[in-house]
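K.L.:
I have a structure I would like to understand better, so I am pasting it below and will then ask my questions one at a time.
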Amino acid sequence: MLTAFDDFAERMLNLADADEVWQCTAEFGRSLGFSSCSLTMAERTQSKLQSRYLRTDLGDEFSDAYTKGELIDIDPFLLFSCHRPCAEKVLTKDVSSFPESSSKHQEFLDRLAQTGNTGGIGIPVRTSENRVFGGWMFSSREPEETFHKLSADHGHEVHLAGLLAYERIASMGIGRKANEKLLSSREREVLLWLCAGYRVSMIADRLGISESAVNLYLKNARAKLGAKTREQAVARAIFSGQIDL
10 MLTAFDDFAE RMLNLADADE VWQCTAEFGR SLGFSSCSLT MAERTQSKLQ SRYLRTDLGD
70 EFSDAYTKGE LIDIDPFLLF SCHRPCAEKV LTKDVSSFPE SSSKHQEFLD RLAQTGNTGG
130 IGIPVRTSEN RVFGGWMFSS REPEETFHKL SADHGHEVHL AGLLAYERIA SMGIGRKANE
190 KLLSSREREV LLWLCAGYRV SMIADRLGIS ESAVNLYLKN ARAKLGAKTR EQAVARAIFS
250 GQIDL
């Protein structure tokens, strides 16, 4: 029986338009309990940020202010979260989770709170070392306690979904590279268990191997797929057809 993520991944492979990918990802987020979804990509030019792609269901007023530059230059997700490829949870009433934040960054969260959102999970897909960078934000209008539970229950799924969706957008029209290195059967197996939410220790117990062996398989898989994180490796392996959910 297909899980919600399995169904999402299967649908994603058949989409051929970036807006369709966004719509499918937003629907997946809503099915898990998240109220809104945004994908923002920015480019730094002469010390300022310019919007290169934005799809959001936060409303036209927010979208217009963002793309015209009123909000993008104080977006703490772009300024701070995108330095490393890790999902981060943020509350709209508290900017202190971001390093070097100030009142101007709280202004951005206040505007986000005006849309009814209490918090969100930010998922960088390209880090700020690249010319164009950014990622996804899955937001919630639920009370803070409920949002924390939602993040704990489904944060792993939306993290993988965001990475897979961006891989689909980035790779549209591009087939498998001729020099692509194929994963071994064990590397594929380890990635599949990782996709299912298993930790390294759990994978080791499941396969009857050591944790160091699991970590080595994951390291090799990342290298072959050119992935910075394990989650990105999963997304690229799914999209390239090397693992089948």
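The sequence shown begins at 10 in the working numbering and counts up by one. Glycine included, every Cβ here is placed at the ideal spot set by N, Cα and C.
Give every residue of the same chain whose Cβ lies closer than 8 Å to the Cβ of C33, excluding the five residues on either side of it in the sequence, and list them in chain order.
P.N.:
Locating residue 33 in the sequence shown gives position 24, where the first residue counts as 1. Excluding residues within five positions, the ones whose Cβ falls inside 8 Å are F17, R20, M21, L24 and A174.
K.L.:
Ignoring anything shorter than 4 residues or poking outside the stretch 194 to 239, list the alpha helix (DSSP H) runs there in chain order.
P.N.:
Segments of the alpha helix (DSSP H) lying fully in the stretch 194 to 239: 194 to 204, 209 to 216 and 220 to 234.
K.L.:
On a CA-only basis, which of L192, K237, L216 and V209 is nearest S249? Give me that one, please.
P.N.:
Here residue 249 refers to the residue found at position 240 when the sequence shown is read from its first residue. Ranking the options by Cα distance to S249, first place goes to L192.
K.L.:
Is it right to say Q123 is buried, meaning 16 or more other beta carbons lie within 10 angstroms of its own, or is it exposed?
P.N.:
As a working mapping, residue 123 is identified with position 114 in the sequence shown. So Q123 ends up on the exposed side.
K.L.:
Just to confirm, are V104 and H114 a CB contact at a threshold of 8 Å?
P.N.:
Along the sequence shown, read from residue 1 onward, the residue named residue 104 stands at position 95. Along the sequence shown, read from residue 1 onward, the residue named residue 114 stands at position 105. Cβ atoms of V104 and H114: closer than 8 Å.
K.L.:
Might you give, ordered along the chain, the residues of its own chain that have their beta carbon closer than 7 Å to the beta carbon of H165, omitting 5 neighbours on each side?
P.N.:
Counting from 1 along the sequence shown, the entry for residue 165 is found at position 156. So the qualifying residues of the chain are G206.
K.L.:
Measure the beta-carbon distance from C46 to F117 and round it to whole angstroms, keeping in mind my assumption that it falls under 8 Å.
P.N.:
Here the question's residue 46 lines up with position 37 in the sequence shown. Here the question's residue 117 lines up with position 108 in the sequence shown. C46 to F117, Cβ: 17 Å. No contact.
K.L.:
Would you decide whether V99 is buried or exposed? Buried here means 16 or more other CB atoms lie within 10 Å of its CB.
P.N.:
For the purposes of this step, residue 99 is identified with residue 90 of the sequence shown, where counting begins at 1. So V99 counts as buried.
K.L.:
Hey, how far is the Cα of V243 from the Cα of K158?
P.N.:
In the sequence shown, the residue the question calls residue 243 occupies position 234. In the sequence shown, the residue the question calls residue 158 occupies position 149. Cα to Cα, V243 sits roughly 24 Å from K158.
K.L.:
For D28, name the three-state secondary structure that DSSP assigns.
P.N.:
Numbered from its first residue, the sequence shown carries residue 28 at position 19. Helix at D28.
K.L.:
Are V134 and G125 closer than 8 Å when you measure CB to CB?
P.N.:
Within the sequence shown, numbered from 1, the residue matching residue 134 stands at position 125. Within the sequence shown, numbered from 1, the residue matching residue 125 stands at position 116. Going by C-beta atoms, V134 is not nearer than 8 Å to G125.
K.L.:
Just mark Q251 as buried or exposed, buried being the case when its beta carbon has 16 or more other beta carbons within 10 Å.
P.N.:
As a first step, residue 251 is located in the sequence shown; it is residue number 242 there, counting from the start. Buried, by the Cβ-count rule.
K.L.:
Which whole-angstrom value is the C-beta distance of T127 and P152, which I expect to be below 8 Å?
P.N.:
Indexing the sequence shown from 1 puts residue 127 at position 118. Indexing the sequence shown from 1 puts residue 152 at position 143. Between P152 and T127 the Cβ distance is about 7 Å, and since that is below 8 Å, they are a contact.
K.L.:
Which two residues bound the contiguous beta strand (DSSP E) that contains F142?
P.N.:
Residue 142 sits at position 133 when you count from the first residue of the sequence shown. Its beta strand (DSSP E) spans residues V141 to S149.
K.L.:
Helix or strand or just coil, what does DSSP make of S249?
P.N.:
Here residue 249 is taken as the residue at index 240 of the sequence shown, counted from 1. Correct three-state label for S249: coil.
K.L.:
Identify, in the order they occur along the chain, each residue of the same chain with its Cβ nearer than 7 Å to the Cβ of H168, setting aside the five sequence neighbours on each side.
P.N.:
On the sequence shown, position 159 is the one that residue 168 refers to. These residues qualify, in order along the chain: A96, I132 and E240.
K.L.:
Could you give the C-beta distance for E109 and F89, rounded to a whole number, given that I count them as a contact under 8 Å?
P.N.:
Here the question's residue 109 lines up with position 100 in the sequence shown. Here the question's residue 89 lines up with position 80 in the sequence shown. So it is a contact: roughly 7 Å between Cβ atoms.
K.L.:
Can you give me the C-alpha to C-alpha distance between E29 and N229, rounded to a whole angstrom?
P.N.:
Here residue 29 refers to the residue found at position 20 of the sequence shown. Here residue 229 refers to the residue found at position 220 of the sequence shown. Approximately 33 Å between the Cα atoms of the pair.
K.L.:
Output needed for G42: all residues of its chain with C-beta closer than 6 Å, excluding positions within five of it in sequence on either side, in chain order.
P.N.:
As a position in the sequence shown, residue 42 is number 33, starting the count at 1. So the list reads L159, once near-sequence residues are dropped.
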